[in-house]
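Enquirer:
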């Protein structure tokens, strides 16, 4: 069975600072990994995905994530936070390209001016 | 292009009443998903369809919940009778063939059962 653990339900950073949101996964097979973002009062939106190609994945809005098998991690980063990045971020795992996503509990990112 | 459309956006009802949530997926998408989001349990997959056929309904909490997809452009999630513990945000999502997990979510329906 697949699962993800997001460390920290709430992360607060200053505008312009590095954003680091942590995700560790558990999977019995090589996983497919995803980050989704949810802005207030909206549905989730795909940020980026890892599907066994390059280990460093670039997504929208300047975000990227690195797959580290030895650490079973898929942390999300952005070099410089913007106010518009304030949202809830969800890490998700799937056993293959056509099996259901299992979402983490989410991390709420606040950006302070 | 219009995204996934859900209605109503907000629903307040009394315990015991029937509730019907509606979803219009993105045209051309083959998969449709219904999720429930609560503070306690996070985001849970309830059921998903492929080409209008229900594939996996193991996430449906109990027989009070039912979902249908009569055609490629419409799906409903019904709760009958509703209970206060059903209060949550319900999301519909769709994805195209070949990109099952690249899901496009609707804005959600916030359900409150009094």
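Protein chains in written order, with the numbering used here: chain B, 1 to 113; chain Z, 114 to 227.
For every residue, glycine included, the Cβ atom is placed at its ideal position computed from N, Cα and C.
#1: Measuring straight from C-alpha to C-alpha, what distance separates residue 161/Z and residue 111/B?
#2: Kindly indicate which residue of 2/B, 29/B, 19/B, 8/B has the alpha-carbon position closest to the one of residue 83/B.
#3: Below 8 Å, can you find three or more Cβ-Cβ pairs linking the region 28 to 46 of chain B to the region 204 to 221 of chain Z?
#4: As a quick exercise: from 155/Z, 198/Z, 148/Z, 183/Z, pick the residue whose alpha carbon is nearest that of residue 169/Z.
#5: State the Cα-Cα distance for the pair residue 176/Z and residue 191/Z, rounded to the nearest angstrom.
#6: Is residue 39/B buried or exposed, if buried means 16 or more other CB atoms sit within 10 Å of its CB?
#7: Run down chain B in chain order and give the residues with a C-beta less than 9 Å from the C-beta of residue 215/Z.
#8: Quick one: residues in its chain with C-beta nearer than 6 Å to the C-beta of residue 62/B, no 5 flanking neighbours on either side, listed in chain order?
#9: Look up residue 199/Z in the DSSP assignment and say whether it is helix, strand or coil.
#10: Rounding to the nearest angstrom, what Cα-Cα distance links residue 133/Z and residue 189/Z in this structure?
#11: Given a cut-off of 8 Å on the beta-carbon distance, is the pair residue 199/Z and residue 159/Z in contact?
#12: Which residue or residues does DSSP assign as beta-bridge partners of residue 150/Z?
#13: Checking 8 Å against the spacing of the C-beta atoms, do residue 103/B and residue 172/Z come in under that value?
#14: When you compare the region 54 to 61 of chain B with the region 4 to 15 of chain B, are there three or more beta-carbon pairs, one atom per stretch, that lie closer than 8 Å?
#15: Assuming residue 130/Z contacts residue 207/Z under a Cβ cut-off of 8 Å, what Cβ separation, rounded to an integer in Å, is found between them?
#16: Taking just the CA atoms, how far does residue 99/B sit from residue 163/Z?
#17: Taking C-beta pairs closer than 8 Å, name the residues in chain B that residue 220/Z reaches, listed in chain order.
#18: Provide the residue span of the beta strand (DSSP E) that contains residue 58/B, from first to last.
#19: How should residue 33/B be labelled, buried or exposed, when 16 other C-beta atoms within 10 angstroms of its C-beta is the threshold for buried?
#20: Note down, in chain order, each residue of its chain lying with its Cβ closer than 7 Å to the Cβ of residue 165/Z, except the 5 sequence neighbours on either side.
Expert: In short:
#1: 35 Å
#2: 19/B
#3: yes
#4: 148/Z
#5: 10 Å
#6: exposed
#7: 34, 46, 49
#8: 78
#9: helix
#10: 7 Å
#11: no
#12: 156/Z, 202/Z
#13: no
#14: no
#15: With 8 Å as the limit, residue 130/Z and residue 207/Z do not qualify as a contact, their Cβ atoms being about 28 Å apart.
#16: 12 Å
#17: 41, 42, 43
#18: 56 to 58
#19: buried
#20: 182, 184, 185
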